[in-house]
Structure formats: structure tokens, C-alpha cells
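J.:
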Amino acid sequence: MSVNGKIAELNFAIREAIPEMRKAAEENPAADLLVRAITFNDGASWRVEKPTSVHDFTWKDDATTAGWTSLGAALKLAATVLDMPPMPERALRPVLALVSDGQPTDDWRAGMRAVDATPWGKRAVRVAVGIGQDADKAVLKEFLADPEREPLLASNPQQLVRAIRWASTMAIRASSTPAGGGAGGGGNVQLTKNVAPPPVITSADDDDDVW
166 MSVNGKIAEL NFAIREAIPE MRKAAEENPA ADLLVRAITF NDGASWRVEK PTSVHDFTWK
226 DDATTAGWTS LGAALKLAAT VLDMPPMPER ALRPVLALVS DGQPTDDWRA GMRAVDATPW
286 GKRAVRVAVG IGQDADKAVL KEFLADPERE PLLASNPQQL VRAIRWASTM AIRASSTPAG
346 GGAGGGGNVQ LTKNVAPPPV ITSADDDDDV W
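Using the numbering used here, the letters of the sequence shown map in sequence onto residues 166 to 376.
(1) Which value, in whole angstroms, describes the spacing of the CA atoms of GLU185 and VAL200?
(2) Below 8 Å, can you find three or more Cβ-Cβ pairs linking the region 314-334 to the region 270-289?
(3) Buried or exposed: THR223, going by 16 or more other Cβ atoms within 10 Å of its Cβ?
(4) Measuring only the C-alpha atoms, how far is ALA132 from SER218?
(5) Compare the C-alpha of ARG330 against each of LYS171, ALA173, PHE177 and THR234 and name the closest.
(6) How do the region 334-342 and the region 263-272 stand: do at least 3 beta-carbon pairs fall below 8 Å, yes or no?
(7) What residue does the beta strand (DSSP E) around SER265 start on, and which one ends it?
(8) Going straight from the alpha carbon of ALA135 to that of ALA282, what length do you get?
(9) Near PRO250, what residues of its chain come up, given a Cβ to Cβ distance below 7 Å and the 5 sequence neighbours on each side ignored?
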């Protein structure tokens, strides 16, 4: 992400996507749309740990590049909030959005297994965006866990903005549609107000990968 101003493009694209995310949330007034963010380089840490309403969510242009791309560590951290608790037994599906411009430098499949082992992780709506020609499309596709879906690709700032706008709003709309019950499956979700588990937008630093 440190090459050709990619990190600046990423910061810009996320900020540009926020109004679209809020608009999508307004179209689904029965759902509380919450956001978390993780950054990762040599390890992973919360950028926004507290579930934050999409209407209060902001993005500072301070995401930087350094170190490696510890995607596995980021996925394991995300997995800690996809279990029950802290997630409720019945809710709308969470969103996992990954943006990457390179290849993971740790055991990312161990992180995938950690996410898939949680009740909500395996039911999450997943979107993936690859930045530039060096993005590992095979990793992004495996992250999607759907052989019929492909990651979005962005080769310039305009494409990146469009991709993140589309991915974020599509994911919000998809997560706002109950999928036949709670995390354990079976039955319909019937809540006075559906509370969506917090979407996780993960930002990696290396060359930086983001989600």
C-alpha cells in the first residue's frame, strides 16, 4: 500500500463510502448498523474496538504502511467478536469486508478457520476488494467462501472508490435481510428491532491490505 499512493487512495475511498453506508442504513430502519475496524501489520489491533453506529463512524486519514501483512492475526482478532457472547444469539448477519493489495505474510488460513469456527463467522456476509495487479486474487476468493463469487478489482482511485461504495452498501443491504434464524439456524428471526452484529472493516499495513 506504500507504492503509488495506494494508502492515500484507500483512506479517500473509505471516507467517500461512509455517506453511502449511512444512506443504506437509513433504508433499513429496523436494523442498527454498527462498525468495528482492525489494522494489521506485524500483528493486528483494533482501530475502532467499540461497536460504533454507522452514523457516528468516521475515518481519519492516518492509516499508514509498515511491516508485514498479518491477515491471519487480523482474522483471529475478528473471530473474537463473532462468537456468542459477545454477539447475541439472534441478530442480522455481520459483514466482513476485506481490501488487499498483496499477499498475506502469516498463516491466514488459521485465521479463516478461527472465523469459520464461530457461529456468526460462518454466516457472515463477505466482500473482498483487490487493489492493483499484485493483489492475491486466490486469497480474496477463498476468503469469500463462495465459488460463484469473485472479488472486486480496482486499478485506480476511481475504481477503488466505486468498489468500496458498492461493497459496503451491498453488504449492508444483504446483512439487513434475515436468513432464516439465528446463528444456530432454524426458524425465523422475529425481533422488534433487529440489531446487526458489527461489520468488521479491517485495514492491514504492509504494502497494506485493507478490509
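Where a beta carbon is used, it is the ideal one built from N, C-alpha and C, also for glycine.
T.: Here's the rundown:
(1) 14 Å
(2) no
(3) exposed
(4) What is shown of the chain runs 166 to 376, which leaves residue 132 out entirely.
(5) PHE177
(6) no
(7) 260-265
(8) An answer regarding residue 135 cannot be provided, because it is not within the stretch 166 to 376 covered by the chain.
(9) none
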